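First comes the structure, then the notes that go with it.
Number of protein chains: 2
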Amino acid sequence: METQLDILKRNGLSVTEGRKKILDLFLATEGALAHADIEKNTDAAFDRVTVYRTLQTFVDKGIIHQIPTTDNSVLYALCKHNCAQGHHHDNHVHFICDECDKTICLDDVTVPAVKLPKDFEPLHAAMIVSGICKECKVN
Amino acid sequence: METQLDILKRNGLSVTEGRKKILDLFLATEGALAHADIEKNTDAAFDRVTVYRTLQTFVDKGIIHQIPTTDNSVLYALCKHNCAQGHHHDNHVHFICDECDKTICLDDVTVPAVKLPKDFEPLHAAMIVSGICKECKVN
DNA sequence: GCATATTTGCAATATTGTTGCAAGTTTTGC
DNA sequence: GCAAAACTTGCAACAATATTGCAAATATGC
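Those sequence lines, one after another, are chains F and L. Residue numbers are given in the working numbering: position 115 of the first sequence equals residue 119, and the series is strictly consecutive. Residue numbers are given in the working numbering: position 20 of the second sequence equals residue 24, and the series is strictly consecutive.
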């Protein structure tokens, strides 16, 4: 399995404590992370600014992708497939649970294509489904 | 055509200057509006707080709906169809233009249903397509 | 190991969102 | 149309979130 080190090197990034730790967190988390989660889970070991910059770098490199939400926050999740710089393949559906508030990448559910009106040229599509997730449904 | 007055009355809301003006702005705008746009376009005639509260009220009543984005902001747009309180019908696709940055409600394009993994129960789905819009494509 | 390039932390600042409360406005019932 | 009740607004204070420049620290290439 690919380690944080591999990921950083593959993307030509300097290997630093901060980047390793944040990547570790992503690798250890099933769902998506908000900026706030990352600050909490690294025990304030890093400056807030570093977290912002690290996330931005990862997004630019295609290591993580952003998930839009309706509550003025952005969620981040690892790209499971190989995403080249500036060319993401994160075209899977995201599920936000109304119960436990977790966001899950449904890697096997691809965003369906839609027919747009004339002269609209689509480049990227995102889809967010909310409801009750597997875990909450069973319990 | 339905005026701002009709909309307010239909929803049992007090008719105030602020609500009328903000509704006017929505009725006059084709695309979606960010909170910042609303503050700007009302000439700072209202307190920031009033704008926040008015938008919240409109969302609660189903007069406008929220559109998720990936840049830490939420966009708002009028519900074209009759949305009952707590029961929105805004299941159309939203298009964000990378060129002019406008967000357009594609009222005629409905969000397609997707097949979710076992035990996931969907309640709501949103879809955002980005690319080049009609206007920018032609010019 | 050293020079260069990159990254980090700090401080300052800007932006955005929230809450309580008193004053003002709208609606209701007559 | 008027008074009382209900609701809405603005202000002030505050909290949270995001951005920038710059010097110090760290990582990389040779």
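C-beta atoms are modelled at their ideal positions from N, C-alpha and C, and glycine is treated no differently. Since the structure is predicted, the reported quantities are computational estimates derived from the model, not experimental observations.
Indicate the three-state DSSP secondary structure (helix, strand or coil) for L:D112 in the structure shown. Correct three-state label for L:D112: strand.
Can you tell which of L:F124, L:V78, L:K141, L:I71 has the C-alpha that lies nearest to the C-alpha of L:L110? L:I71
Roughly how many whole angstroms lie between the Cα atoms of L:G22 and L:G16? So the alpha carbons of these two residues sit roughly 16 Å apart.
For F:A103, which residues in the same chain have their Cβ closer than 8 Å to its Cβ, ignoring the five residues on either side in sequence? What sits at residue 103 of chain F in the sequence shown is Glu, not Ala. Excluding positions up to five away in sequence, the list reads I136, C137, C140.
Alpha carbon to alpha carbon, how far is L:V63 from L:R57? Give it in angstroms, no decimals. 10 Å
Apply the 10 Å Cβ neighbour rule to F:V19 and answer buried if 16 or more other Cβ atoms are within range, or exposed otherwise. exposed
Checking contacts by CB at 7 Å: is F:G35 closer than that to chain L? no
Near-chain L residues of the segment 52-80 of chain F - C-beta to any C-beta below 8 Å: Cβ contacts with chain L come from Q70, I71, P72, T73, T74, D75, N76, S77, V78.
For L:A130, which residues in chain F fall below 9 Å Cβ to Cβ? P72, T74, A130, M131, I132, V133, S134
Got a sec: which bits of the segment 99-111 of chain F sit with their beta carbon under 8 Å from any beta carbon on chain L, in order along the chain? F99, D102, L110
Measure the CB-CB distance between F:F50 and F:L82 and report whether it falls below 7 Å. no
With H, G and I counted as helix, E and B as strand and the rest as coil, what does DSSP make of L:L17? coil
Assign F:V115 to one of two classes, buried (16 or more other C-beta atoms within 10 Å of its C-beta) or exposed (fewer than that). buried
Show which residues of chain F have a CB atom less than 7 Å away from the CB atom of L:D123. At a beta-carbon threshold of 7 Å, the residues of chain F lying near L:D123 are K138, K141, V142, ordered along the chain.
Please classify F:A40 as buried or exposed, where buried requires at least 16 neighbouring CB atoms within 10 angstroms. exposed
Just to check my reading of the structure: L:H98 and L:I132 have Cβ atoms closer than 8 Å, yes? What is that Cβ distance to the nearest angstrom? 5 Å
Classification of L:K65 by the beta-carbon crowding that lies within 10 angstroms, buried from 16 upward: buried
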